[in-house]
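Residue numbers for the sequence shown, in this note's numbering: 7 to 156. All remarks here apply to the structure that follows.
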Amino acid sequence: MSDKSPLESVRMKVLRQHAELRARLGSLDRAAPSATSPAARTHLRLSLLRFAAAFEEHLAFEESALVDAMRDFDPWSSVREARLLEEHAEQRDRVERLCAMADEGGVTSAELAGEVHWFTQVLRDDMVEEESRLADLIAIEEHGLEQMTG
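Have a look at this one:
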């Protein structure tokens, strides 16, 4: 029997997913500047679509498993859930806009590469922040909310 809490199990899976997503983001960021030919741009667009599908799976996991795990111990879980859903909506919008931009003929390769770079940086920053919040939740779960609020 595992001695990990449901939240710790979710956290470990989120960290594994984040590692995979970071690798995909790195590949996108490296490929974007050289996507100057029609074939390379098509390849980048397909890579973005594959990333979008993997990212959607990740978001759905968090919205289900993470939210359920928070509800078990956190009196602020409804506030955290609302924040999570809002952030995920913004992230989904960014991914959708980027995929649409890659499909447009009116956007130069340089503009697309710049947008891909910006997107990858923002999403990496989002993951760092999310991982910090997960660590805070683990501390709350282990020590109680009063330990986190003084």
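All residues carry an ideal CB built from backbone N, CA and C; glycine is no exception.
Residue environment for V101: buried (at least 16 other C-beta atoms within 10 angstroms of its C-beta). Distance check between T42 and each of S115, M133, R36 places S115 closest, using alpha-carbon atoms only.
Here T114 carries a coil assignment [DSSP, helix/strand/coil].
With contacts defined by Cβ atoms closer than 8 Å, L21 and E137 form a contacting pair. Rounded to whole angstroms, the gap between the alpha carbons of A66 and V16 is 13 Å. In terms of Cβ geometry, A108 and R51 form a close pair [threshold 8 Å]. In this model, L90 and R36 are separated by some 29 Å (Cα to Cα). In the structure shown, F79 falls within a coil segment according to DSSP collapsed to helix, strand and coil. For E26, the uninterrupted alpha helix (DSSP H) segment begins and ends at 12 to 37.
About 7 Å separates the beta carbons of S33 and S53, which is inside the 8 Å limit, making them a contact pair. With 16 or more neighbouring CB atoms inside 10 Å of its own CB, T126 falls in the buried class.
The criterion of a C-beta distance shorter than 8 Å is satisfied by M76 and E87. The Cβ atoms of L27 and F79 do not sit closer than 8 Å to each other.
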